[in-house]
Every structure is written in C-alpha cells, then in structure tokens.
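Quick note on numbering: the working numbering labels position 206 of the sequence shown as 651, and the sequence is numbered without any gaps. The C-beta atom is built at its ideal place from N, Cα and C for all residues, glycine as well. See below for the structure under consideration.
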Amino acid sequence: MKNIVVLVSGGGTNLQALIDAQESGMIKGGKITCVISSKSGVYALERAKKHGISSKVIARKEYADVTAYSKAILDALLAEKADLVVYAGFMTILDEQVVNAFPYKMMNVHPALIPSFCGKGYYGLRVHEEALKKGVKLTGATVHFVTEVCDGGPIILQKAVEVQNGDTPEVLQKRVMEQAEWKILPQAVSLFCEDKLEVKDGIVTVKN
Ligand code: GAR
C-alpha cells in the first residue's frame, strides 16, 4: 500500500475529490495517510478531520525563506514515509531538495491546459482571469509531475473544458474544477498507485 501525502493551502475541494475516490474504492494500492497545510485554519484541514485523516500545519509564514520551508516539508514527508506527494491547491513553491527526494513521485493539479496559463504567478483564480482576458474558447486542467520547473514537469492527464459566453473567473473556475480537476486528479493518483505511469524522456505513458 502506497502512502499518499496531500499538500493543501485552502478550501481543499481537490482533497475532497481524492477522499471521495478513496472511500469509493477507486484508489487501489494507495491510502491518504496525511494532509499537510501551508496555512492554519483552512477548510481542507476540516475535511481531513471529518474523514479521520491525520493532518498537520507547516505554516509558510513561520519560515524565513523557501529553503528553510522546503527543509521542514521534506522532513515531514520523510517522517510520513510518503510514496506519493500530491499538491492539491498547494500554493507554495518548494525547492529542489524536496523535488530531488521524490523524483516523479510528486504530482500537481493545475487549472489550465499546460503549457497555457502556467508558471510563476499563475495560480487559483488568476489563471481563469488570464484565460478569459485572452478569449480562449477551451481551457481545462492538467495533472503533471512536479520538477524544479514551475508547472513544467511531465504531463500525466489533461481534460478540456469549454469557456461560455458571460463567464466570470469564478464561474469558469467552478466548471473547470467540476468537469476536469476533480476527475483527473483522482485518476492520476489511482494510476500512480497501480504502477501504471511510466516516464521516459519527459513523456508520461499510461501502461495498460
Ligand atoms: C484549484 O483550482 C487548483 O487547481 C489550483 O487552486 C485551486 C485550489 O482549490 N491550484 C493552482 O492554481 C496551483 N498552481 P482547492 O483548495 O479547492 O482544491
């Protein structure tokens, strides 16, 4: 059984999608063993508690810089014996000491079709604001492995979502979550836990 550690910073709807998938038996070969939040008081922590999942807060604001914060997260992940680390609305950048310790064992859900609307500064609602400003007719979500390049790691799964007339960033965000993020994140986690993901030359293949 693989130990899945989920990193969060906010409401935790993607965490909820993972919990629901776990409880419905979709995630074979893995179990969410811990939720770590970069902020105290966020609703994601309540979701973990309600489902009997242990959680801890490692608050970004209590650390002087990315290096010190990354070390604290790394220590926690090692203590938890994490086999898979999932960024589920985790809004903090970690440095290469963490990424190098978990090569192709960390995944992130991003609310756009990478390589569009991604990289430093593109997170949360901002991504949808930029998509609407550009007038794209299709957007979506991506789950990718985390590397030292922000939003630049190998793409695991993507799902497209239509933009509709009159969309606000909030409306679009909700549609992208419902139609894409909450589906492909549990799928990607499930594939990983069943050892069905292969990475070669930066390209992910899903094995049959
Ligand atoms: C989600 O839309 C997620 O894709 C996004 O933040 C939201 C968190 O929601 N993540 C990023 O933008 C990371 N670059 P949640 O806390 O309800 O899961």
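Is it the case that the segment 461-474 contacts the segment 623-641, given that we only count it when at least three CB pairs across the two stretches are under 8 angstroms?
Between the segment 623-641 and the segment 461-474 there are three or more C-beta pairs closer than 8 angstroms, enough to call the two in contact.
Under 8 angstroms: does the beta carbon of Pro614 sit that close to some heavy atom of the ligand GAR?
For the ligand GAR, not one heavy atom lies less than 8 angstroms from the Cβ of Pro614.
Would you identify the three-state DSSP class for Asn653, choosing helix, strand or coil?
coil
Between Lys645, Gly475, Leu522, Gly457, which has its C-alpha nearest Arg492's C-alpha?
Taking Arg492 as reference, the option from Lys645, Gly475, Leu522, Gly457 with the minimal CA-CA separation is Gly457.
With respect to the beta strand (DSSP E) encompassing Val572, which residues constitute its N-terminal and C-terminal limits?
Unbroken run through Val572 is the alpha helix (DSSP H), 570-579; no beta strand (DSSP E).
Check whether Ile498 and Thr478 have beta carbons under 9 angstroms apart
When the beta-carbon positions are compared, Ile498 and Thr478 come within less than 9 angstroms of each other.
In the structure shown, what three-state DSSP assignment does Ile518 receive?
helix
For Val616, which of helix, strand or coil comes out of DSSP?
helix
CA-CA distance, Trp627 and Ser454?
17 angstroms
Among Met446, Asn459, Ala527, Ala462, which residue has its Cα nearest to the Cα of Ala658?
Residue 658 is absent from the structure shown; the chain starts at 446 and stops at 653.
What distance in whole Å lies between the Cβ atoms of Ser635 and Lys473, which are believed to be in contact at a cut-off of 8 angstroms?
7 angstroms
By the DSSP assignment, the alpha helix (DSSP H) with Asn610 in it spans what residues?
First-last for Asn610: undefined, no H or E at that position.
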